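J.: One structure is given below, represented as structure tokens, and several questions about it will come after.
Shown next, in the form of structure tokens:
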């Protein structure tokens, strides 16, 4: 039985500016959220209010033990390591087996003529 790749992902609202700017390039999730497929375009929403933020493309999904989370992951998450580990523990208490989902921002192109017509 094959699993259908998800087409939406949520982030805490305070993290969405980092995703939308391209500064946040990975997310660490548990097995229930590990079914994203490389090459899939995914819509990003805020967790709290379900507001669409941007689109990303999934680059990779790799197993990651909690104890192996290090400065590399913190840099990619654009968070200090202690804050990242605290957040992961808060969201996934007692989970040792996690997954690192790497992604890239899909930049939206808005033609300059759109702004000119609106008088912006």
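In the numbering used here, the protein residues as written are 514 to 633.
Backbone N, C-alpha and C fix where the C-beta goes; we use that ideal spot for every residue, glycine too.
The model shown is predicted, which means the values in this text are computed figures rather than measured ones.
(1) Just to confirm the assignment, what range does the alpha helix (DSSP H) spanning residue 564 have?
(2) State buried or exposed for residue 544, treating a residue as buried only when at least 16 other CB atoms are found within 10 Å of its CB.
(3) Give the secondary structure of residue 631 by DSSP, where H, G and I count as helix, E and B as strand, and everything else as coil.
(4) Just the Cα atoms here: how many angstroms apart are residue 584 and residue 554?
(5) When you compare only the Cα positions, how much space is there between residue 575 and residue 522?
(6) Under 6 Å Cβ to Cβ from residue 526, same chain only, skipping five residues before and after it: list those, please.
(7) Along the chain, where does the beta strand (DSSP E) containing residue 536 start, and where does it finish?
(8) Can you tell me the Cβ-Cβ gap for residue 534 and residue 572, rounded? I've got them flagged as a contact below 8 Å.
T.: Let me lay it out:
(1) Careful: residue 564 lies outside any alpha helix (DSSP H) and carries neither H nor E.
(2) Label assigned to residue 544: exposed.
(3) Its pLDDT being 48, under 50, residue 631 is placed unreliably by the model, and nothing is read from it.
(4) Computed Cα separation, rounded: 27 Å.
(5) Whole-angstrom Cα-Cα distance: 17 Å.
(6) Same-chain partners within the cutoff: 559 and 561.
(7) Note, residue 536: premise wrong, no beta strand (DSSP E); not H, not E.
(8) Rounded, the Cβ-Cβ distance is 17 Å, inconsistent with contact.
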